[in-house]
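Visitor:
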Amino acid sequence: FSWGRFRKITLKMFPVLNWLFSYRFREWFLRDLHAGLSVGMFQIPQGLLGIWLTRLPLPNINGFLSAFCCSMTYVIFGTSHHISVGSFSILNVVVTNILKSLNFNQTLSSNGSLDNFSDPTFMKDYMEALTLTASITLLTGIIQLLLGCFCLGFVTTYVPKTLIDAYLTAAALHVIVSQFTFIFDVMLDFYKGPLDIFYNLFHFFLALPKANATSILLFLLSMVAQRLNTSIVITYKHSPIAFPMELLLIITVTIISNRIHLHAESSSAVVSTIPQRFLPPTPLDLSNLSKIILHAFSLAIVSYFLLVFVGERYASLHNYSIASNQELIAVGLCNICSSFFKSFVVSCAISGTAIQEKTGGRTQLAAAIGASMMLVIALKLGHFFQMIPNGILAAIVVFNMLPFLEKFLDIPILWRRDKYHFVIWLVTFAAVLCLGLDVGLAIAMGFTFFIITIRSHRMKMVVLGQIPDMNIYRSLSVYRAAREIEGIKIFQCCSSISFANMNHFKTYLLHKMDMKAVPLDESEMRALISLNLSDTAVERKDLKCSCVCDPPLPPPRIPYTEKLVKRHHADSDSSSSSVNLVHWSKYGDKLSSRTLLVGAADAQRASPGFNTGCRTEKNEDEGRRACLSPGSAIDNSSVQLDRIEQPMYLPRPVHTVILDFSMVQFVDLIGSELLRQIIHMFHNIGVTVLIAGCHSSVIADFEKNDFFDSCVTKEMFFLTLHDAVLAALDKHQKPDELEPTAEEFAEEPLAEQQKVEYLA
Numbered sequence: 033f034s035w036g037r038f039r040k041i042t043l044k045m046f047p048v049l050n051w052l053f054s055y056r057f058r059e060w061f062l063r064d065l066h067a068g069l070s071v072g073m074f075q076i077p078q079g080l081l082g083i084w085l086t087r088l089p090l091p092n093i094n095g096f097l098s099a100f101c102c103s104m105t106y107v108i109f110g111t112s113h114h115i116s117v118g119s120f121s122i123l124n125v126v127v128t129n130i131l132k133s134l135n136f137n138q139t140l141s142s143n144g145s146l147d148n149f150s151d152p153t154f155m156k157d158y159m160e161a162l163t164l165t166a167s168i169t170l171l172t173g174i175i176q177l178l179l180g181c182f183c184l185g186f187v188t189t190y191v192p193k194t195l196i197d198a199y200l201t202a203a204a205l206h207v208i209v210s211q212f213t214f215i216f217d218v219m220l221d222f223y224k225g226p227l228d229i230f231y232n233l234f235h236f237f238l239a240l241p242k243a244n245a246t247s248i249l250l251f252l253l254s255m256v257a258q259r260l261n262t263s264i265v266i267t268y269k270h271s272p273i274a275f276p277m278e279l280l281l282i283i284t285v286t287i288i289s290n291r292i293h294l295h296a297e298s299s300s301a302v303v304s305t306i307p308q309r310f311l312p313p314t315p316l317d318l319s320n321l322s323k324i325i326l327h328a329f330s331l332a333i334v335s336y337f338l339l340v341f342v343g344e345r346y347a348s349l350h351n352y353s354i355a356s357n358q359e360l361i362a363v364g365l366c367n368i369c370s371s372f373f374k375s376f377v378v379s380c381a382i383s384g385t386a387i388q389e390k391t392g393g394r395t396q397l398a399a400a401i402g403a404s405m406m407l408v409i410a411l412k413l414g415h416f417f418q419m420i421p422n423g424i425l426a427a428i429v430v431f432n433m434l435p436f437l438e439k440f441l442d443i444p445i446l447w448r449r450d451k452y453h454f455v456i457w458l459v460t461f462a463a464v465l466c467l468g469l470d471v472g473l474a475i476a477m478g479f480t481f482f483i484i485t486i487r488s489h490r491m492k493m494v495v496l497g498q499i500p501d502m503n504i505y506r507s508l509s510v511y512r513a514a515r516e517i518e519g520i521k522i523f524q525c526c527s528s529i530s531f532a533n534m535n536h537f538k539t540y541l542l543h544k545m546d547m548k549a550v551p552l553d554e555s556e557m558r559a560l561i562s563l564n565l566s567d568t569a570v571e572r573k574d575l576k577c578s579c580v581c582d583p584p585l586p587p588p589r590i591p592y593t594e595k596l597v598k599r600h601h602a603d604s605d606s607s608s609s610s611v612n613l614v615h616w617s618k619y620g621d622k623l624s625s626r627t628l629l630v631g632a633a634d635a636q637r638a639s640p641g642f643n644t645g646c647r648t649e650k651n652e653d654e655g656r657r658a659c660l661s662p663g664s665a666i667d668n669s670s671v672q673l674d675r676i677e678q679p680m681y682l683p684r685p686v687h688t689v690i691l692d693f694s695m696v697q698f699v700d701l702i703g704s705e706l707l708r709q710i711i712h713m714f715h716n717i718g719v720t721v722l723i724a725g726c727h728s729s730v731i732a733d734f735e736k737n738d739f740f741d742s743c744v745t746k747e748m749f750f751l752t753l754h755d756a757v758l759a760a761l762d763k764h765q766k767p768d769e770l771e772p773t774a775e776e777f778a779e780e781p782l783a784e785q786q787k788v789e790y791l792a
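This is the structure:
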C-alpha cells in the first residue's frame, strides 16, 4: 500500500476528481454555464417528446428524476467531457417492441388519446408494463456493470475510426426518420426488423396527404434559423462558441405557444392525461427473465458502443482520451439508476451532446448545471413547455444530426487512401442502416475483425538488392539503383509468420527461385526414417540398460517430406528425361552436400540409394559445419558418383538464400515447422539459407517450438543483413577470384557513406 497507489486508484474510479481539482474557473465557468443552460432547456421538451415515440406514458416526475440522477451519475463516473446522458429514441422504440412481443399493448391510439386510467384492468396492465420496462433497464445496467468489472471494455480499442463514423452516420439517419412523426404530425406504428427504415419511410410517404402543414412550416422555419446561426460567431477568451439558438428558440416558442394556438400537435394532449404522481421502485420482474435477457444483452451492447463512439468522436476533436472500460461501468450505473424510476435504457443523447459541445462546454460541469436546471424548471414550470409544437423540437434534433451525415463527403477520399477501410465503412453503414443498431453492429464488428485478421496475417514478401558500394539493401521493384548480388537471393518478410500465411511464404519463395516442391516417394521416406533412427541410436550409444516399463520413445522427427526440383522439370516424370534428386557428401576439404539433377538412367547407374537430409555427426560442431557448407547449384548434366573427382566449378546461379526477418514480430508453431522443412529442402539441393535481423523474441519462439537441430543451427542467424551477405560471399568465393575481405567490404560502404554525407 502507498498513498500514490491509493490516489491513482481513486482517480481512476472517480474521474470527476481529475478535472474538478484542476478546474480553471475564470476560463471555463462561463462556457460550461452557457452549455449547461442550453442543454438543460432542451432536455425538458425532449423528455416530454419521448412519450410519443414510446407510447408508454411515464409520469413526468419519474422521467425528470431519472434524467437528473443518470446525468449526475455520469458526471461522477464518466470520462468524456462532452457526453450528455439521456434516453435515446431508437432504444426506446426497441423496448416498446419488446413489450408488444410480450402482449403488453397499452399504447396510444391513433388520435393521441389515452384509455381511462381509472379502469382497474388498464391500470394493472399499465403497471406491469412499467415494471417490465424497469426490469429490462436494470438487467441492462447489471450486464454492463459486470462487463466493466471484468475489464471487457478493451474491445473498443480494436474498433477503427472508420467503423465509428459509419455507425454514427447510419444511427443519425435512424434518428432523423424517427422524427418524421413530429415533422408531419402523423402517428404510425414503427416497424422493427430488417429494412425497417425503408418500411417506415414508405409508410410516412403514404401518410403525407394527412400531414399537418403548420407543423411542417414550423420545422422549416426552425431549420432556417439554425442554419443562419452558423454564421453568427461569439468569441470568448479567444475561442469561438456557438450562439445559443436552441435556447432562444425554445424560450421564444414556449412564450408564443402559451399565448397563441399554433394548430400544431404538442405533448400537452398526452401529458395532461397521465397521473402526475411519483411511482416508487418495485422488485425485479423475474417471470419473463428468460424472454428478456437476450434483449437486455443486446441493449447493453448497443447502449455502450453508442456512448463510446460519440465520446471518441468528440475526444478526438478536443485532443483528449476516454477510458472505454470506465465508460462501461458509468453507463451501467446510469441504467441501474434509471430502473429505479421505471424509465427506459439510457445512453448518449446525441442531440444534447452536440449542443453541449458546440455551445462551448469544457467539462462535465455543464452537464451537472443542465441537469439541475432541467429538474428545477421541469417540476415547477414544466406545464409551460407542454405547449411547444413537436415540429420545433424535431428541427433541433434533425439539425444536430446533420454533422454526422457529413461523413458521406469523405467517402471518395477514403477510397483513394485505403480501400480496406472504405469497404469497412460501406459494410458497417449498410448493415446498421438495413438491419438496425444491434444486428448491424454485430455484423460490422465481425467483418472488421475479419479484415484485421486478413491484413495482419497477409504475407508480403519483397526481393531485395544492394545499393552499389553501400551496405544498404532495398526492393528491386522500387529502387532502380538496387542490384542483385550474384549467387545470393535476399527475401524480406514484411509480416509475422503463422499457419495462415506460411503456405504463401513457401509458394513465393519457390516461385522466385524457379523451383517446385515434389513429395518424396515411398523409398525416399523409408530411407529418411531409417537415417533418423540410426542417428538416434548413435546419440544413445552410451545407454547400458533399459526397462520395459519405460515410456516408449517418441517417433523420429522427419525433417522434410518434399524435395525441390526445377520448375520446368517438375511435370516430366513419365518421360525418359525425368529427373531424380541425387545427394552425396564428401568430407574434409572436398565438396560437401552436392546435389545435382541428373537423368533417370544416369541416376540409376550412378547411385541406387538416396541420401536424405543432413547427416548427424558424432561431433556436433562438425555436423553444423557440414550443414552450413554450400552445395553446388542445380545442374542437368550427368555425373559419376562412384569415384572422387577433382574439384570442378559448375554454374551456380544461386548458392545462398537470405531471409530478412527484421520486420517479423512472431512465428507460431506451425510456421516454425514449415520454415524448418524449407531450410532442409534447400540444404538438400546445395542452397544455404541464412536468416538476418531476427529479433530475440522470435529466436525465443524458435527455441520453444523445437526449431533447431543438427542442420538448422543458430550459426545461420546474423545480426544484420549486411553481415549475412558478407558471410555468404566469404563462404562461396572461388579460389581464382580475389574478393575483398569482410573488413574491406565493410569499410568501403562506410567511406562511401561519409562521402555522400560530405557532399550533402
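For reference, each letter of the sequence shown is one residue, going 33 to 792 in this note's numbering.
For each residue, glycine too, the CB sits at the ideal point set by N, CA and C.
The structure displayed is predicted, hence computed values, not measured ones.
Quick check on this structure: which residue in H114, S70, N232, L434 has the alpha carbon closest to the alpha carbon of A204?
Guide: Of H114, S70, N232, L434, the residue nearest in Cα terms is L434.
Visitor: Between which two residues does the alpha helix (DSSP H) holding H453 run?
Guide: Segment 451-489, the alpha helix (DSSP H) holding H453.
Visitor: Under the three-state reduction of DSSP, which class applies to D692: helix, strand or coil?
Guide: The answer is strand: DSSP assigns D692 an E or B state.
Visitor: Cβ atoms of F372 and V127: under 8 Å apart, would you say?
Guide: No, Cβ-Cβ distance for V127 and F372 is not below 8 Å.
Visitor: When the Cβ atoms of the region 515-528 are set against those of the region 486-496, are three or more pairs found closer than 8 Å?
Guide: Contact between the region 515-528 and the region 486-496 is present, because at least three Cβ pairs lie under 8 Å.
Visitor: Counting only the same chain and skipping the five closest in sequence on each side, list residues whose C-beta sits under 6 Å from that of V117.
Guide: These residues qualify, in order along the chain: C102, S103, Y106, C366, V378.
Visitor: What residue range does the beta strand (DSSP E) around C380 cover?
Guide: From DSSP, the beta strand (DSSP E) with C380 extends over 378-380.
Visitor: Ordered along the chain, which non-local residues of its own chain (more than five positions away) have a Cβ less than 6 Å from that of H536?
Guide: These residues qualify, in order along the chain: M491.
Visitor: Please report how far the alpha carbon of G384 lies from the alpha carbon of F120, in whole angstroms.
Guide: Looking at the two C-alpha atoms, the distance is approximately 11 Å.
Visitor: Across the region 214-233 and the region 392-409, are there enough close Cβ pairs to call them in contact, namely three or more that are closer than 8 Å?
Guide: Output reads no: the region 392-409 does not touch the region 214-233.
Visitor: Tell me the DSSP secondary structure of T644 in three-state form.
Guide: Because T644 carries a pLDDT of 39, less than 50, the predicted location of this residue cannot be relied on, and the following value inherits that uncertainty. Residue state, collapsed to three classes: coil.
Visitor: When we look at the beta-carbon of C369 and count the other beta-carbons within 10 Å, is it buried (16 or more) or exposed?
Guide: It is buried - the Cβ of C369 has at least 16 other Cβ atoms within 10 Å.
Visitor: Quick one: is W457 buried, meaning 16 or more other Cβ sit within 10 Å of its Cβ, or exposed?
Guide: By the 10 Å Cβ count, W457 comes out buried.
Visitor: Suppose contacts are defined by Cβ-Cβ distances below 8 Å. Is L311 in contact with L162 by that definition?
Guide: Yes, these two residues count as a Cβ contact at 8 Å.
Visitor: Just reading off the alpha helix (DSSP H) that Y231 is part of, what are its end residues?
Guide: 228-238 is the span of the alpha helix (DSSP H), which, as asked, contains Y231.
Visitor: Once you ignore the five residues that flank M680 on each side, which residues in its own chain have a CB closer than 7 Å to its CB?
Guide: Confidence in M680 is poor, its pLDDT being 41 and thus under 50, which makes the residue's placement unreliable; the coordinate value appears in the next sentence. Here the set comprises nothing.
Visitor: Excluding the five sequence neighbours on either side, which residues of its own chain have a C-beta within less than 7 Å of the C-beta of G95, listed in chain order?
Guide: G79, S375.
Visitor: Does the separation of the CB atoms of Y540 and I522 fall below 8 Å?
Guide: In this structure, I522 does not lie closer than 8 Å to Y540 by Cβ.
Visitor: Check each candidate in S404, L321, A362 and name the one with the smallest Cα separation from F46.
Guide: Closest option to F46, Cα to Cα, is A362.
Visitor: How far does the alpha helix (DSSP H) with F109 in it extend, from its first residue to its last?
Guide: 92-109 is the span of the alpha helix (DSSP H), which, as asked, contains F109.
Visitor: So, for A347: in the same chain, excluding its five sequence neighbours on each side, which residues have a beta-carbon less than 7 Å away from its beta-carbon?
Guide: Answer for A347: S112, S353, I354, listed in chain order.
Visitor: Among residues of its own chain, excluding the 5 on either side of A513, which ones have a beta-carbon nearer than 6 Å to its beta-carbon?
Guide: Excluding sequence neighbours, A513 sits near I499.
Visitor: In whole angstroms, what is the alpha-carbon distance linking N290 and T213?
Guide: For N290 and T213, the distance between alpha carbons rounds to 22 Å.
Visitor: Confirm, please, whether the CB-CB distance from P421 to I282 is below 8 Å.
Guide: No, these two residues do not count as a Cβ contact at 8 Å.
Visitor: Less than 8 Å between the beta carbons of L460 and Y158, yes or no?
Guide: First, the residue type needs correcting, since residue 460 is Thr and not Leu in the sequence shown. Against a cut-off of 8 Å, the Cβ pair of Y158 and T460 comes out as no contact.
Visitor: Going by DSSP, name the residue or residues bridged to L496.
Guide: DSSP lists S507, I522 as partners of L496.
Visitor: For the alpha helix (DSSP H) that G414 lies in, which residues bound it at each end?
Guide: Its alpha helix (DSSP H) spans residues 397-417.
Visitor: In the DSSP assignment, find the beta strand (DSSP E) that holds E594 and state where it starts and stops.
Guide: Run containing E594: 594-598, per the beta strand (DSSP E) assignment.
Visitor: Given a cut-off of 8 Å, decide if V218 and A239 are closer than it, judged by their beta-carbon atoms.
Guide: Cβ distance < 8 Å, so A239 and V218 count as in contact.
Visitor: Leaving out the 5 sequence neighbours to the left and right, which residues in its chain are closer than 7 Å to K40 when beta-carbon positions are compared?
Guide: Here the set comprises nothing.
Visitor: Going by Cα to Cα distance, which pick from L233, P276, G718, V686 is closest to D815?
Guide: Any question about residue 815 goes unanswered here, given that the chain covers just 33 to 792.
Visitor: Using beta-carbon positions only, say whether I215 and F251 come within less than 8 Å of one another.
Guide: Yes, Cβ-Cβ distance for I215 and F251 is below 8 Å.
Visitor: Per DSSP, which one or two residues make a beta bridge with L722?
Guide: DSSP output for L722 lists I690 as bridge partner(s).
Visitor: Distance, Cα to Cα, Y231 vs L220?
Guide: In a straight line, the C-alpha of Y231 is about 11 Å away from that of L220.
Visitor: Is the beta carbon of F749 sitting closer than 8 Å to the one on R708?
Guide: Contact flag unset, no.
Visitor: In the DSSP assignment, the alpha helix (DSSP H) including S289 goes from what residue to what residue?
Guide: Looking at the DSSP string, the run of the alpha helix (DSSP H) that includes S289 is 277-291.
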